[in-house]
Amino acid sequence: MEVNPLPFRSGLEEYQKQADRLLEAFRAGDRQAVQILRTKHPRFLDERIPWLPKRLPDSEIRGTPLDTADAQLTLARCYDFQGWPALQEYVQAVARDESPVCQFEAAVEAVINGDLRGLESALRAHPELVRARSTRVTCFDPPVHGATLLHYLGANGVEGYRQKTPQNAVEIATLLLEAGAEVDALAG
141 MEVNPLPFRS
151 GLEEYQKQAD
161 RLLEAFRAGD
171 RQAVQILRTK
181 HPRFLDERIP
191 WLPKRLPDSE
201 IRGTPLDTAD
211 AQLTLARCYD
221 FQGWPALQEY
231 VQAVARDESP
241 VCQFEAAVEA
251 VINGDLRGLE
261 SALRAHPELV
271 RARSTRVTCF
281 DPPVHGATLL
291 HYLGANGVEG
301 YRQKTPQNAV
311 EIATLLLEAG
321 AEVDALAG
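In terms of the numbering used here, the sequence shown opens at residue 141 and continues consecutively.
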């Protein structure tokens, strides 16, 4: 079982379907599902180094009773959210076109996918996006990484499934810098 990233404006029901499939695969003993739980569920991570899986045999993980809430938490962490409530909040925000979160996340998608025209259009409509920051609540420290669009171009270092460098990265960077991106902005 793999968790393939959903489009950024997917509804909560799509994420729930993924969580249900993860739980079903885990209960069936699917090795990939066990590995996902091992690397994403806090129960199986080191308390001192929260991204590091504990050294547990697969049999111990498979023998752990898990429910829908565990699958939801794990799935949310596959998308690097702190938990299901943070994912729910994100889904609600990106569902509204006028939401600053939706506008920023759409611009992020344009950046990581090399959509120069889409990014130009977003910046024309909302020039403030060039200095906007991510409000995602992640499972990392600090929980709100505050990455800018320029950070996403250089790989934000947090959202693993969004670590992409488009072939036209130079053109994207040029557009962001000419639009006023802060070249030395710190995340976090």
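We put the CB at the ideal spot given by N, CA and C, even for glycine.
Between the region 252-263 and the region 173-187, the count of C-beta pairs closer than 8 Å stays below three; the two stretches do not touch.
For Phe280, the three-state secondary structure derived from DSSP is coil. Restricting attention to Gly300, Leu293, Asp198 and Tyr301, the CA atom closest to the CA of Asp255 is found in Leu293. Spanning the alpha carbons of Pro197 and Val251 requires a straight line of approximately 40 Å. For Gln158, the number of other beta carbons within 10 angstroms of its own is at least 16, and it is reported as buried. Going by DSSP, His291 is part of the alpha helix (DSSP H) stretching over Leu289 to Leu293. A Cβ-Cβ distance of about 11 Å is found for the pair Ala216 and Ala209, leaving them out of contact under the 8 Å criterion. The alpha helix (DSSP H) runs of length 4 or more contained entirely in the region 200-271 are, from start to end of the chain, 208-218, 224-234, 240-252 and 256-265.
Rounded to the nearest angstrom, the gap between the Cα atoms of Cys242 and Val234 is 4 Å.
A Cβ-Cβ contact shorter than 8 Å links Leu289 with Leu269. Excluding five sequence positions before and after Ile312, the CB atoms of its chain that fall closer than 7 Å to its own CB belong to Val251, Gly254, Leu256, Leu259, Leu293 and Pro306, given in chain order.
According to the DSSP assignment, Arg167 belongs to the alpha helix (DSSP H) that extends over Leu152 to Arg167. Shown here, Pro145 sits in coil according to DSSP, grouped into three states, outside any helix or strand.
Residue environment analysis places Asp220 among the buried positions, since at least 16 neighbouring C-beta atoms fall within 10 angstroms of its C-beta.
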